[in-house]
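Participant: Would you mind keeping the following structure in view while I ask a few things?
Number of protein chains: 2
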Amino acid sequence: MSANSGKHHVVIIGSGFGGLFAAKELGNKDVEVTLISKTSHHLFQPLLYQVATGILSEGDIAPTTRDIVQRQRNVRVILGDVTDIDVESRAVHSESLNQHTVTHYDSLIVAAGAGQSYFGNNHFSRFAPGMKSIDDALELRGRIFGSFELAETSTDPDQRRRLLTFVVVGAGPTGVEMAGQIAELAQRTLADEFRQIDPGEAHVILVDAAPKVLPSFGDRLSVKAQRSLEKQGVEVQLDAMVTDVDQYGIQVKDPDGSHRTIETMTKVWAAGVAASPLGAMLAEQTGSEVDRAGRLHVEDDLTVPGHPEIFVVGDMVNLKGYPGVAQLAIQGGRYAGRAIVRRLEGKEEQGAFRYRDKGSMATISKYSAVASIGRINFTGFLAWLAWLAVHLMAMVGFKNRISTLLNWIITFVGDNRNERVSTFQQVFARTAMQDLGPSAYPDLSDRADDDDEESERNAS
Amino acid sequence: MSANSGKHHVVIIGSGFGGLFAAKELGNKDVEVTLISKTSHHLFQPLLYQVATGILSEGDIAPTTRDIVQRQRNVRVILGDVTDIDVESRAVHSESLNQHTVTHYDSLIVAAGAGQSYFGNNHFSRFAPGMKSIDDALELRGRIFGSFELAETSTDPDQRRRLLTFVVVGAGPTGVEMAGQIAELAQRTLADEFRQIDPGEAHVILVDAAPKVLPSFGDRLSVKAQRSLEKQGVEVQLDAMVTDVDQYGIQVKDPDGSHRTIETMTKVWAAGVAASPLGAMLAEQTGSEVDRAGRLHVEDDLTVPGHPEIFVVGDMVNLKGYPGVAQLAIQGGRYAGRAIVRRLEGKEEQGAFRYRDKGSMATISKYSAVASIGRINFTGFLAWLAWLAVHLMAMVGFKNRISTLLNWIITFVGDNRNERVSTFQQVFARTAMQDLGPSAYPDLSDRADDDDEESERNAS
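Line by line, the protein sequences are chains A and B.
Anchor point for the first sequence: position 74 equals 74 in full-length UniProt numbering, and the numbering is continuous, going up by one each time.
Anchor point for the second sequence: position 277 equals 277 in full-length UniProt numbering, and the numbering is continuous, going up by one each time.
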């Protein structure tokens, strides 16, 4: 498939922030655009943890991509998993079910993002789902709420304790927000709903191999965030390296070299990311390089060395130490779109890409957040209001904003959660991999070996 | 597990309309109540088709049962699939994961509802999901929206036509509403979103072995409903018996005895119901009888013959030809709860159970419905408004009403749908059973045999 009109054809891979903002920049310009994505929705990833904890519906944070760009008449959206990029013949191969599609491009914008990384221990993923997709979030929703359900009927105190222990691995923004929300739902939302267990006794543990939480926010906010989490009842375990994960628990290694086991049915993996393998595929064909996280070293105009027709944006990029955040993808997508239009119009190049840091923020609990915007750090209620406003504005689509706002009122004012449904698939089919386990649980540390530890060293 | 307090212990099986209204009736009375259900939510089934077609989130129609009854302090909710009712020792056995729970009762209310029936052809279910659970609705959501996605990239005209043909089997309220909504979303919601296909060309077919749609609404409304569907572009095929279903199509037998094949990737089964097998289990132990749909013949006070301590309500009941609708379950659940309280208080029995018909209604399209309330039949916009009001009022929980109302405004005023997300599981894992099929498709009628036809004869 190529441009029908004979116009310059831009192919975009990915419907995340990078791909979507590139498409919007190119919308109704004198080019033809094909956006290829393996999901039919644009995912607003910063709020994924709220789907996992029953605050928002998946529709609230994942509007359909073709709905968003329907007025950009020159943009075509197709569903497909990209299996190959042929740099020589300028073609992208993609698949959906048994359909194979070949799309030729004049310019290419690769914005395929990053997935969860288990640092070489992919067998962890079965027991500790990541936080990267709607599937992940719904799976975790089933496991979190399901654990309370199963604890209510459990008659074995060890089993019950294991069901009411929740471990989040990784103390970046996603992990911090997730741990805070699990504590919040246990203590507030579920407070009066059970008769045998007290959900408030749930034990929420945040584990990281690094010495502090939210390291990118700076020392002051880091300390504040940790205190705020602890006040909420979250146990923060730092300098604690995860060396194994199985059905019934995780094993961590403390700084003194000793191993211990935390028994827990529900594990959340928010520790590391790995860029899409399309980066390595491009590197191989063009002689460029990827870093250990799979991110491609690009020119300062976001193009692949020697290939000015290929832009790479967002989480797939290794450039000047820019962080893997939504704003990098948004700004990169816009930049790439503009660059292509300027070239076609014969205008001079816009100069090197420069990431503008718009700050970072994370909510810890209801009415409390930490925010770092430029040199200004703030915390507490004011930061929480700022967080609210920024996220509402950043969402795509008026209707999603209204629906999200409504669900926030239900949760923050009413202590309720409207979106707690799990399918059988989520509660049983997948969780069934985990039976509830014996009372006498063998210590995981018996199985520790140094190879596992090595691979975890990159976790923080 | 039995009542801790020594109080009279009522066990309720099921969290549908019957079980929930029984629990509310018994709430804060001088009894102990245990509600056992295989889902953690109460499902508002009349709007399930709106989850399948992207209007509502699953949370909107499935509030958590223990959330609803949290102020009824004497009601305990446990998750479990009932595997056995032991009438002799008055015990209910249930399971969740590998936990086995035995609950003893003084009184028992069985409100386990009905599942989809394929009339002996359970292999149809793989290709034509039913409309009974949240899992069903999300699976169908994935298949419906996924078919348009796959059609957009298909280059084979036969395959594309098959992807854009949607067949709904069963012309009762669920089937009629489902067919209407698929037509509506194809023609309005998706109108400007595709570039290769015209979603408005989607072919929606409603098939039933009976000679009319909505037979329980009476002749006049039946004709009106059919005309209204046809005006919307739904093809109504009556007197057409489904004799086989496979990946790529369904086979129907017309009144003249000839067979034909409708090629279609997306099939919805809304044709028949079968009562929970717990009915047959009770019948076997008590010497009572079930009808062909598995419904138990009960006394006129809804008790099992010879067992005044066991009430059966809702879809599991065969009594005086009462229809299997939500109101029968609601009224039955309340009646059973009241009967138990009156007995304990030593008051005289309340007399035979009498079902009060509160009417029936079905929406055909935006701004158009049919309603039959007592002797009054009405159609069109007024019926649609009545439908809106009745359904909003019948929903459980204020927050679900607000959220549903918002989603209705988005859909009915804006022609948008906020809840179109499918997980990979739904789009791929299950649909992957269906590859997209060959162009030259073997006629299903070659495989027809009389046994299949016989079993379908009960469909209407």
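Idealized CB from N, CA, C, for every residue including glycine.
Just list the alpha helix (DSSP H) runs in the stretch 348-425 of chain A, keeping only unbroken ones of 4 residues or longer that don't cross its boundaries, in chain order.
Facilitator: 380-394, 398-408
Participant: Could you tell me which of B/416, B/410, B/412, B/400 sits nearest to residue 58 of chain B, measuring between CA atoms?
Facilitator: B/400
Participant: Just to make sure I have the definition right: I need the residues of chain A whose C-beta is within less than 8 Å of the C-beta of residue 399 of chain B. Which are they?
Facilitator: What residue 399 of chain B touches in chain A: 410, 414, 416, 418.
Participant: Is it right to say residue 457 of chain A is buried, meaning 16 or more other beta carbons lie within 10 angstroms of its own, or is it exposed?
Facilitator: Any reading at residue 457 of chain A must be qualified, since the residue scores a pLDDT of 39, below 50, and its modelled position is unreliable; the value itself is stated next. Its Cβ having fewer than 16 others within 10 Å, residue 457 of chain A is exposed.
Participant: So residue 461 of chain B and residue 81 of chain B are in contact, right, with Cβ under 8 Å, and what is the actual spacing, rounded?
Facilitator: No information on residue 461 of chain B is available, as it lies outside the stretch 1 to 460 that chain B covers here.
Participant: Any idea which residues DSSP pairs residue 99 of chain B with across the strands?
Facilitator: Among the bridge pairs identified by DSSP, residue 99 of chain B is matched with B/96.
Participant: Do you know how far the Cα of residue 347 of chain A is from the Cα of residue 338 of chain A?
Facilitator: So the alpha carbons of these two residues sit roughly 11 Å apart.
Participant: Pick helix, strand or coil for residue 153 of chain B, following the three-state DSSP scheme.
Facilitator: helix
Participant: Let me know the secondary structure DSSP gives residue 222 of chain A once reduced to three states.
Facilitator: helix
Participant: Whole angstroms is fine: what's the gap from residue 203 of chain B's alpha carbon to residue 271 of chain B's?
Facilitator: Distance between the alpha carbons of residue 203 of chain B and residue 271 of chain B: 20 Å.
Participant: Along the stretch 157-186 of chain B, what residues have a CB closer than 8 Å to any CB found in chain A?
Facilitator: Closer than 8 Å at the C-beta level to chain A, one finds no residue of the stretch 157-186 of chain B.
Participant: What residue range is occupied by the uninterrupted alpha helix (DSSP H) comprising residue 24 of chain A?
Facilitator: 17-26
Participant: Beta strand (DSSP E) containing residue 116 of chain A: first to last residue?
Facilitator: 114-116
Participant: Using a Cβ-Cβ cutoff of 7 Å, what residues of the stretch 59-76 of chain A are near chain B? List them in chain order.
Facilitator: 59, 62, 64, 66, 67, 70, 76
Participant: Is the beta carbon of residue 232 of chain A within less than 7 Å of some heavy atom of the ligand MG?
Facilitator: Looking at this structure, you won't find the ligand MG or any other ligand, since it has none at all.
Participant: Would you say residue 96 of chain A reaches chain B, if we count a Cβ-Cβ gap shorter than 8 Å as a contact?
Facilitator: yes
Participant: Could you tell me the distance, in whole angstroms, from the CA atom of residue 431 of chain B to the CA atom of residue 154 of chain B?
Facilitator: In this prediction, residue 431 of chain B has a pLDDT of 46, which is less than 50 and means its spatial position is unreliable; what the coordinates show is noted afterwards. Between the C-alpha atoms of residue 431 of chain B and residue 154 of chain B there is a straight-line separation of about 16 Å.
Participant: Indicate the three-state DSSP secondary structure (helix, strand or coil) for residue 318 of chain B in the structure shown.
Facilitator: When secondary structure is reduced to three states using DSSP, residue 318 of chain B falls in the strand class.
Participant: Check the Cβ-Cβ distances between residue 145 of chain B and every residue of chain A, and say whether any is below 8 Å.
Facilitator: yes
Participant: Using alpha carbons as the reference points, say which of B/314, B/332, B/331 lies closest to residue 324 of chain B.
Facilitator: B/314
Participant: Looking only at DSSP bridge pairs, what is residue 37 of chain A linked to?
Facilitator: A/79
Participant: In angstroms, rounded to a whole number, what distance separates the CA positions of residue 8 of chain A and residue 104 of chain A?
Facilitator: 11 Å
Participant: In chain A, what lies closer than 7 Å to residue 349 of chain B by C-beta?
Facilitator: Under the 7 Å cutoff, chain A gives no residues; its nearest Cβ is about 31 Å from residue 349 of chain B.
Participant: Mind checking which residues open and close the beta strand (DSSP E) that includes residue 308 of chain A?
Facilitator: 307-312
Participant: Can you tell me whether residue 350 of chain B is buried or exposed? The criterion is at least 16 other CB atoms within 10 Å of its CB, across all chains shown.
Facilitator: Under the 10 Å beta carbon count, residue 350 of chain B is surrounded by fewer than 16 other beta carbons and is classified as exposed.
Participant: Classify residue 465 of chain A: buried if its beta carbon has 16 or more other beta carbons within 10 angstroms, exposed otherwise.
Facilitator: Nothing in the structure corresponds to residue 465 of chain A, since chain A is present only between 1 and 460.
Participant: Go through its chain and collect everything with a Cβ distance to residue 392 of chain B's Cβ below 6 Å, but skip five positions before and after it.
Facilitator: 401
Participant: Quick test of the definition: if touching needs 3 or more C-beta pairs under 8 Å, does the stretch 19-30 of chain B touch the stretch 60-77 of chain B?
Facilitator: yes
Participant: Is residue 298 of chain A near residue 319 of chain A, with beta carbons less than 8 Å apart?
Facilitator: yes
Participant: Using a Cβ-Cβ cut-off of 8 Å, state whether residue 345 of chain A counts as contacting chain B.
Facilitator: No, residue 345 of chain A does not count as interfacial toward chain B.
Participant: Do residue 223 of chain A and residue 179 of chain A have their C-beta atoms within less than 8 Å of each other?
Facilitator: Against a cut-off of 8 Å, the Cβ pair of residue 179 of chain A and residue 223 of chain A comes out as no contact.
Participant: Return no unless some Cβ of chain B is closer than 8 Å to the Cβ of residue 52 of chain A.
Facilitator: no
Participant: Alpha carbon to alpha carbon, how far is residue 199 of chain A from residue 130 of chain A? Give it in angstroms, no decimals.
Facilitator: 24 Å
Participant: Using beta carbons (cut-off 8 Å, strictly below), is residue 223 of chain A in contact with chain B?
Facilitator: no
Participant: Assuming the contact rule is C-beta atoms closer than 8 Å, residue 251 of chain A and residue 264 of chain A should be a hit. Round their C-beta distance to whole Å, please.
Facilitator: Taking 8 Å as the upper bound for CB-CB distance, residue 251 of chain A and residue 264 of chain A are not in contact here, some 11 Å apart.
Participant: Excluding five sequence neighbours on each side, which residues of the same chain lie with their C-beta closer than 6 Å to the C-beta of residue 18 of chain A?
Facilitator: 111, 313, 314, 329, 332, 333
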